[in-house]
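Reading through the structure tokens given below for one structure.
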Amino acid sequence: MHRDIATPGRTKEILDKYGFSFKKSLGQNFLIDPNILHKIVSFAGLTEKSGAIEIGPGIGALTEHLARNSGKVVAFEIDQRLLPVLKDTLSPYDHVKVIHQDILEADVAAVIEDEFSGFPHIAVVANLPYYVTTPILMKLLEDRLPIDSFTVMMQKEVADRISAKPGTKEYGSLSIAIDYYTEAHTVMTVPKTVFMPQPNVASAVVHLKRRSTPPIAVKDEEFLFRVTRGSFVQRRKTILNNLQTSLPDGKERKAEIVEALSEAGIDPGRRGETLTLEEFGRLADALYPKFGE
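Note that numbering that gives the first Met the number 0 has the sequence shown beginning at 0, numbered continuously upward.
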């Protein structure tokens with residue numbers, strides 16, 4: 000068995016060997032606790048029939064645990080300085096491939112087709128860069144990729160928003176979009192002490208299981224998300240006020256918005272955070288003939 004990368008001593012040794020310095024702009028915080036990594040991988044439920052996708056492997060701490068528990072790992076790393084480090088630290092594992100690319104610009108569908116043919120189960124498992132957590136998740140979900148689950152570390156505040164329920168202050172358009180595509184659960188919170196360098200924020204691991212079909216059917220998916228985002232422009236305002244601000248010519252077309260709210264059975268005086276996904280679906284469908292086409 001190879002010495003774990005994810006210990007303070009081994010991490011420091013690797014960083015010193017390559018003279019590596021952390022780039023704050025890339026949100027680099029490396030995990031230095033093998034127990035945490037073991038838990039993340041167990042939540043992901045990997046087997047030798049699983050293909051694992053990692054985003055931001057750093058020096059390979061989580062990657063090596065993925066390699067030990069899955070049939071193949073593909074990791075996307077944006078920082079060129081880490082490529083020689085990963086080549087070295089992951090050399091014992093010949094079923095790991097590192098792609099030097101920004102995941103937000105990558106053709107992930109093509110990568111899955113090329114690298115994971117014959118794998119019945121594909122999972123994203125990653126300690127996501129905190130500054131781009133939401134864009135990464137939304138891209139991977141909206142592109143309708145054949146990914147079964149996501150087990151991802153993120154800022155606790157974002158995790159709270161992702162798994163929030165209607166009527167709570169964390170609930171918003173992100174909660175709704177995630178609920179539309181997945182079943183989300185926060186599976187563990189993670190102390191700052193297990194990172195090098197320590198982040199300024201608390202962290203959590205969220206497990207997202209992709210739904211085979213969304214829980215509601217709507218006329219236009221993109222329009223649904225336009226309506227949900229528009230309903231939270233100013234959290235303290237009513238749904239009617241927010242829609243007047245966010246829909247084209249909304250102020251002049253107040254009567255049409257009121258009519259759509261009535262058709263959807265929604266009181267115009269409610270706030271966006273009180274509406275369920277089903278209610279947003281009915282509202283988007285009522286607004287679509289007037290504002291969507």
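Glycine residues also receive a C-beta, built at the ideal position from the N, C-alpha and C atoms.
{"Check": "Contiguous beta strand (DSSP E) assignments of at least 3 residues, all confined to the region 79-112", "Outcome": "95-98"}
{"Check": "Top-ranked residue by Cα proximity to Gln154, from Phe29, Asp32, Ala201, Pro288", "Outcome": "Ala201"}
{"Check": "C-alpha distance - Leu293 paired with Lys16, whole-angstrom precision", "Outcome": "Here the chain covers residues 0 to 292 and nothing more, so residue 293 does not appear."}
{"Check": "Distance between Gly117 and Leu65 (C-alpha atoms, nearest Å)", "Outcome": "18 angstroms"}
{"Check": "Assigned secondary structure, Asn28 (DSSP; H/G/I helix, E/B strand, else coil)", "Outcome": "coil"}
{"Check": "Close beta carbons around Leu207, own chain, < 6 angstroms, minus the five adjacent residues each side", "Outcome": "Phe149, Thr181, Ala183"}
{"Check": "Extent of the continuous beta strand (DSSP E) to which Gly50 belongs", "Outcome": "49-54"}
{"Check": "Whole-angstrom distance between Asp248 and Asn126, CA atom to CA atom", "Outcome": "42 angstroms"}
{"Check": "Nearest neighbour of Ile77, chosen from Pro128, Asp32, Gly50 [CA to CA]", "Outcome": "Pro128"}
{"Check": "CA-to-CA distance, Pro267 to Glu169, given in whole angstroms", "Outcome": "21 angstroms"}
{"Check": "Nearest to Glu220 (by Cα), restricted to the options Ser245, Lys253, Leu282", "Outcome": "Leu282"}
{"Check": "CA-to-CA distance, Ile4 to Ile31, given in whole angstroms", "Outcome": "8 angstroms"}
{"Check": "Beta-bridge pairing of Asn126 - partner residues as DSSP gives them", "Outcome": "Met152"}
{"Check": "For His120 and Thr10, the rounded distance between their alpha carbons", "Outcome": "31 angstroms"}
{"Check": "Check whether Glu63 and Leu82 have beta carbons under 9 angstroms apart", "Outcome": "no"}
{"Check": "Residue environment, Gln243, which counts as buried when at least 16 other CB atoms sit within 10 Å", "Outcome": "buried"}
{"Check": "Which of helix, strand or coil DSSP assigns to Ala60", "Outcome": "helix"}
{"Check": "Coarse secondary structure for Thr244, derived from DSSP in three states", "Outcome": "helix"}
{"Check": "Min CB distance Glu53 to chain B below 9 angstroms", "Outcome": "Reference to chain B is not applicable here, since this structure consists of a single protein chain."}
{"Check": "Beta-carbon proximity list for Phe231, same chain, < 8 angstroms, skipping 5 on both sides", "Outcome": "Gly171, Ser172, Asn241, Gly271, Glu272"}
{"Check": "Segments assigned beta strand (DSSP E), at least 3 residues, entirely inside the region 189-241", "Outcome": "202-209"}
{"Check": "7 angstroms CB neighbourhood of Leu276 in its chain, flanking five on each side removed", "Outcome": "Ile175, Asp178, Tyr179, Pro214, Ile215"}
{"Check": "Integer Cβ distance of Ile58 from Phe21, believed to fall under 8 angstroms", "Outcome": "Between Phe21 and Ile58 the Cβ distance is about 11 angstroms, and since that is not below 8 angstroms, they are no contact."}
{"Check": "Asn68 classed as buried or exposed, judged by whether at least 16 other C-beta atoms fall within 10 angstroms", "Outcome": "buried"}
{"Check": "Residues sharing a beta bridge with Met187, DSSP", "Outcome": "Val204"}
{"Check": "Euclidean distance between Cα positions of Glu255 and Phe224", "Outcome": "19 angstroms"}
{"Check": "Counterpart residues of Ala74 in DSSP-defined beta bridges", "Outcome": "Glu53, Val97"}
{"Check": "For Glu182, the residue or residues it bridges with in DSSP", "Outcome": "Lys208"}
{"Check": "Limits of the alpha helix (DSSP H) - the one that Lys38 falls within", "Outcome": "33-43"}
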